[in-house]
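Asker: To convert, take the position in the sequence shown, counting from 1, and add 19; that gives our numbering.
The following block contains the structure, expressed as structure tokens.
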Amino acid sequence: MSRLDSFIRRVTAQRAVLDWAASAIAAIPGPVLEVGLGNGRTFDHLREKLPGREIYAFDRADNAHPLSKPTAPFLVLGEFAASLPAFAASQGAVAALIHCDTGSGDAAANARQAAWLSDLLPSLGRPGGIVLSDQRLAHARLQPLQAPVDIPPDRYFLYAIT
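Next comes the structure, spelled out in structure tokens:
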């Protein structure tokens, strides 16, 4: 499969699960956390699907399109290993939705990052909240969900926070 076709499959799956999650959290209070702002496409999509909902975007550096990023204090820059625990310490487990799009082309680095994200994410999300991730996560409080839409296996991972 070409890299273009792979990209199209990835963003098609991403849009489908984001749309589902936006509906699924309608009655769940709390902000949305976008972990891995990148160029801001998914932040912009979430902002459109969840008008009025606070959306915090985390990234190592500000590389987003100027029209596709939040303003302070909703843009949190720095290493995830520092910024996410700081958010949890100041805000608690408040998020209704956490979307993680942090993978790179390095499988070993992705696995290491997914391991510590797995341990951290439950401290950010409220029970009943949802985690969407481009990487497989594993934690006792993250219960895998069946994708409600037809997406290729292992393309996106969905979890309920218990």
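Ideal Cβ positions, reconstructed from N, Cα and C, are used throughout, including at glycine.
Look at E53 and L69 and say whether their C-beta atoms are less than 8 Å apart.
Answerer: Contact flag unset, no.
Asker: Between which two residues does the beta strand (DSSP E) containing D138 stretch?
Answerer: Where D138 is concerned, there is no enclosing beta strand (DSSP E), although the alpha helix (DSSP H) it sits in stretches over 126-139.
Asker: Cβ atoms of P146 and H158: under 8 Å apart, would you say?
Answerer: For H158 and P146, no; Cβs fall outside 8 Å.
Asker: Tell me, please, which residues DSSP counts as bridged to D78.
Answerer: D78 pairs with L96.
Asker: Given a threshold of 16 other Cβ atoms within 10 Å of its Cβ, counted over all protein chains shown, does D24 qualify as buried or as exposed?
Answerer: Exposed is the call here.
Asker: Note down the Cα distance separating L56 from D153, rounded to an integer number of angstroms.
Answerer: Looking at the two C-alpha atoms, the distance is approximately 13 Å.
Asker: Would you mind giving the Cβ-Cβ distance between F77 and L103, rounded to the nearest angstrom? I have them listed as a contact below 8 Å.
Answerer: Confirmed, about 6 Å.
Asker: What are the partner residues of S152, as DSSP defines its beta bridges?
Answerer: Per DSSP, C119, F176.
Asker: Determine, using beta carbons only, whether G49 comes closer than 8 Å to chain D.
Answerer: Here chain D cannot be found, since the structure has a single protein chain.
Asker: Cα separation between Q33 and S123?
Answerer: Going from the Cα of Q33 to the Cα of S123 covers about 16 Å.
Asker: Given S84, which residues of its chain have a CB within under 6 Å of its CB, disregarding the five upstream and five downstream residues?
Answerer: It is worth fixing the name first, because residue 84 is His in this sequence and not Ser. N58, G59, listed in sequence order.
Asker: Would you kindly report the start and end of the unbroken beta strand (DSSP E) that includes Q33?
Answerer: Looking at the DSSP string, Q33 is not in any beta strand (DSSP E); the run it does join, the alpha helix (DSSP H), is 22-43.
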